[in-house]
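Worksheet for the structure shown next.
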Amino acid sequence: MKMSRSKPTFNLMLLGKTGVGKSATGNTLVNRKHAFKPSNQMLSCTKEPQLECGEFGHYIIKVVDTPGLQDTNIDMDVTVGDVSNSMALLPDGFDAFLLVMRYGERCTKEVIEVISALRASFGEVFAKEYCIIVMTHGENFDMEDEEDQTKTFDDYCKDIEGPPELLSLLVDCEYRTVLFYNKSKARREESVNRLLELVQTMKHRSHRYNSEVFAKFASERDTYVISLKLPQLIAPIQEKLSFLKEYLEKAMEESNANTDLKVKERAQELLNTIEEESKGTSLMDGLKNEVKQIIKTLENLPSERQQRQNMLKKLNSLVETIKNPPSTTGIIAYGLLRRLYTATGCLCMVGAFVAPPLAIAGVASFVAAKKFDNDYSEAVTLYKEEERDYATALSEINKIKEMMGKRK
Ligand SMILES: Nc1nc2c(ncn2[C@@H]2O[C@H](COP(=O)(O)OP(=O)(O)O)[C@@H](O)[C@H]2O)c(=O)[nH]1
Ligand SMILES: [Mg+2]
């Protein structure tokens with residue numbers, strides 16, 4: 001079809017669930033019956049985006065029909081890919097996105113998913129600046145309306161009831177809604193006229209939504225896609241993380257420098273996987289920090305092992321002391337010896353006046369007495385502690401040892 005270049009052009013993209021009437025709306029817009037194939041012709045239903053052009057009065061209308069978003073479990077990776085392909089068909093960008101719904105259709109979970117997916121794909125400007133809601137099967141509205149002829153479609157939209165996602169979309173797109181009569185020859189033109197009026201009144205007329213605008217919302221899109229897939233993405237990472245944690249728990253006793261190195265490599269690989277999967281979003285920061293901490297711990301393992309060995313040695317000797325407390329006889333013997341040394345020291349010091357070398361023996365005896373003094377008081381303390389339950393003390397120490405075996 002030949003297009004006159006001077007005519008103003010409207011670039012439109014049809015979006016929405018499969019079967020709501022996107023292709024039929026596209027045909028109405030380009031004014032050709034079979035430009036876009038209806039979805040009930042299964043073999044030829046829209047799988048790839050399709051661009052068709054038509055003329056309407058003084059205008060040229062270019063329409064991109066998109067593959068219908070799946071009815072359930074929208075795969076956002078596919079959706080975003082489809083959207084990019086659809087954008088590529090009209091590099092000039094789009095004046096409006098037509099979110100197609102079927103008049104009277106209940107706003108199901110799937111419809112809500114479609115709304116969320118589109119808002120996330122195109123960014124915040126989608127609803128506010130570019131979205132128009134097209135409701136097909138307009139004749140159903142007229143039939144319902146027969147009793148109350150005064151109620152217009154706009155009145156119906158203002159009173160529409162539904163989930164908050166639908167209502168907030170209506171508010172954000174300032175109730176830009178059009179009723180389409182794809183099956184009524186007489187009223188098709190009216191639908192297109194109303195739509196073009198709306199597109200013209202939209203603030204951004206000089207600024208189309210093109211791939212540059214699309215690129216601006218890439219990180220929001222990534223965050224949304226990843227947040228949807230987070231449980232599946234995290235499961236294998238968690239598994240690898242628990243292996244690393246288990247290793248660290250036993251690392252003090254069983255591992256060696258060689259396996260440490262291998263495990264550190266695995267931890268580093270896991271960190272890289274997380275970095276890749278999170279695509280620069282902060283959604284997996286918690287996991288990332290855990291792995292970083294594990295890598296740090298693995299690096300410090302040799303010195304920690306040494307420290308632990310020293311600590312264990314100390315604990316073992318403590319256990320021995322507790323197991324073998326000094327006997328009463330031992331303590332009495334200590335006391336006697338101390339007194340003996342002190343007495344000898346005194347005697348030697350007195351004797352030193354007669355024979356000076358005895359002074360040395362005297363000092364030595366005092367030193368020995370002092371040492372015994374210390375040992376004696378330590379022994380007495382321990383002896384007193386004997387009153388305590390040594391078994392409890394032992395189990396306490398064993399607990400500490402056990403805790404040192406594990407790592408936090
Ligand atoms: N009665 C009526 N049927 C419509 C209207 N719009 C679309 N349809 C029918 O709805 C079915 C699905 O439409 P289609 O354009 O293939 O949906 P798509 O999957 O969104 O592209 C087809 O049988 C269309 O003929 C409409 O305004 N009125
Ligand atoms: Mg279709």
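Those letters in the sequence shown? Residues 1 to 408, per the UniProt record's numbering, in order.
Using N, Cα and C, we set each Cβ at its ideal position, and we do this for glycine too.
Open item on the list: On the DSSP letters alone, give me the boundaries of the beta strand (DSSP E) that residue 177 sits inside.
Closed with: On the sequence shown, residue 177 is found 177 positions in, with the first residue counted as 1. Where residue 177 is concerned, the enclosing beta strand (DSSP E) stretches over 177-179.
Task: Sufficient close CB pairs (3 or more, under 8 Å) joining the region 153-161 to the region 228-238 - done: no
Open item on the list: In this structure, how does DSSP classify residue 65 when only helix, strand and coil are distinguished?
Closed with: Residue numbering aside, residue 65 sits at position 65 when the sequence shown is read from its first letter. Strand at residue 65.
- [ ] With a threshold of 7 Å, establish whether the CB of residue 415 neighbours any heavy atom of ligand 2.
- [x] The structure shown does not extend to residue 415, since the chain is modelled only from 1 through 408, so no value can be given for it.
TODO: Starting from residue 102, trace the beta strand (DSSP E) both ways and give me its first and last residue.
DONE: Translated into the one-based positions of the sequence shown, residue 102 becomes position 102. Note, residue 102: beta strand (DSSP E), 96-102.
Task: Per-residue burial, residue 17 [other beta carbons within 10 Å of its own, 16 or more giving buried] - done: Numbered from 1 along the sequence shown, position 17 holds the residue referred to as residue 17. Classification for residue 17: buried.
TODO: For the beta strand (DSSP E) holding residue 50, just list the boundary residues, first then last.
DONE: Here residue 50 is taken as the residue at index 50 of the sequence shown, counted from 1. Where residue 50 is concerned, the enclosing beta strand (DSSP E) stretches over 50-56.
Task: Distance, residue 296 Cα to residue 129 Cα - done: Here residue 129 refers to the residue found at position 129 of the sequence shown. Here residue 296 refers to the residue found at position 296 of the sequence shown. One C-alpha to the other measures close to 49 Å.
Task: Pairwise C-alpha distance: residue 97 and residue 175 - done: For the purposes of this step, residue 175 is identified with residue 175 of the sequence shown, where counting begins at 1. For the purposes of this step, residue 97 is identified with residue 97 of the sequence shown, where counting begins at 1. If you take the alpha carbons of residue 175 and residue 97, they lie about 14 Å apart.
TODO: Please state whether DSSP places residue 332 in a helix, a strand or coil.
DONE: Taking the first residue of the sequence shown as position 1, residue 332 is located at position 332. Three-state result, residue 332: helix.
Task: residue 60 to residue 29 span [Cα, whole Å] - done: In the sequence shown, the residue the question calls residue 60 occupies position 60. In the sequence shown, the residue the question calls residue 29 occupies position 29. So the two alpha carbons sit approximately 10 Å from each other.
Open item on the list: For a test of your reading of the model: does the CB of residue 93 fall under 7 Å from any non-hydrogen atom of ligand 1? Yes or no.
Closed with: Sequence index remark: in the sequence shown, residue 93 carries index 93 (1-based). The answer is no for residue 93.
TODO: Output the distance between the C-alpha atoms of residue 165 and residue 216, rounded to the nearest integer angstrom.
DONE: Here residue 165 corresponds to residue number 165 of the sequence shown, with the count starting at 1. Here residue 216 corresponds to residue number 216 of the sequence shown, with the count starting at 1. Answer to the nearest angstrom: the Cα atoms are 23 Å apart.
Open item on the list: Which of the three DSSP states is assigned to residue 9 in this structure?
Closed with: By one-based count along the sequence shown, residue 9 stands at place 9. The answer is strand: DSSP assigns residue 9 an E or B state.
Open item on the list: Among the candidates 58, 57, 51, whose CA atom is the shortest distance from the CA of residue 65?
Closed with: Indexing the sequence shown from 1 puts residue 65 at position 65. Of the candidates 58, 57, 51, the one whose C-alpha sits nearest the C-alpha of residue 65 is 51.
Task: Helix, strand or coil at residue 170 [DSSP, three-state] - done: Translated into positions along the sequence shown, residue 170 becomes position 170. DSSP places residue 170 in helix when its eight states are reduced to three.
- [ ] For the region 245-263 and the region 296-315, state whether three or more C-beta atom pairs, one from each stretch, are separated by less than 8 Å.
- [x] yes
Open item on the list: Going residue by residue through the region 237-301, where are the continuous alpha helix (DSSP H) segments of at least 4 residues, counting only ones entirely within it?
Closed with: 257-278
Task: Span separating the alpha-carbon of residue 294 from that of residue 115 - done: Reading the sequence shown from its first residue, position 294 is the one you call residue 294. Reading the sequence shown from its first residue, position 115 is the one you call residue 115. Roughly 41 Å separates the two Cα atoms.
TODO: Mind checking which residues open and close the alpha helix (DSSP H) that includes residue 112?
DONE: The count along the sequence shown starts at 1 and reaches residue 112 at position 112. 109-122 is the span of the alpha helix (DSSP H), which, as asked, contains residue 112.
Task: Local Cβ density within 10 Å of residue 353, reported as buried at 16 or more and exposed below that - done: As a position in the sequence shown, residue 353 is number 353, starting the count at 1. Per the 10 Å Cβ criterion, exposed.
- [ ] Taking 8 Å as the threshold, find out whether the region 10-26 comes into contact with the region 94-108 through three or more Cβ pairs.
- [x] yes
TODO: With DSSP collapsed to three states, give me the class of residue 152.
DONE: Here the question's residue 152 lines up with position 152 in the sequence shown. It is coil, neither helix nor strand.
- [ ] Identify every residue that forms a DSSP beta bridge with residue 87.
- [x] Counted from its first residue, the sequence shown places residue 87 at position 87. In DSSP, residue 87 forms no bridge with anything.
Task: Residue span of the alpha helix (DSSP H) that contains residue 202, given as start and end - done: Taking the first residue of the sequence shown as 1, we reach residue 202 at position 202. From DSSP, residue 202 is part of no alpha helix (DSSP H); its letter is neither H nor E.
- [ ] Identify which residue in 48, 106, 32 has its Cα closest to the Cα of residue 85.
- [x] On the sequence shown, position 85 is the one that residue 85 refers to. Of 48, 106, 32, the residue nearest in Cα terms is 48.
Task: residue 45, DSSP secondary structure in three states - done: By one-based count along the sequence shown, residue 45 stands at place 45. Residue placement at residue 45 cannot be trusted, given a pLDDT of 49 that sits under 50; what the coordinates show is reported in the next sentence. In this structure, residue 45 counts as coil in the three-state DSSP scheme.
- [ ] Return the CA-CA distance between residue 155 and residue 184, expressed in angstroms with no decimal places.
- [x] Here residue 155 is taken as the residue at index 155 of the sequence shown, counted from 1. Here residue 184 is taken as the residue at index 184 of the sequence shown, counted from 1. Those two C-alpha atoms are separated by around 22 Å.
Task: residue 104 CB to nearest heavy atom of ligand 1 below 7 Å - done: One-based indexing of the sequence shown puts residue 104 at position 104. Answer for residue 104: no, Cβ out of range of ligand 1.
TODO: Could you tell me if the beta carbon of residue 19 falls within a distance shorter than 7 Å of some heavy atom in ligand 1?
DONE: For the purposes of this step, residue 19 is taken as the residue at position 19 of the sequence shown. Residue 19 Cβ: within cutoff of ligand 1.
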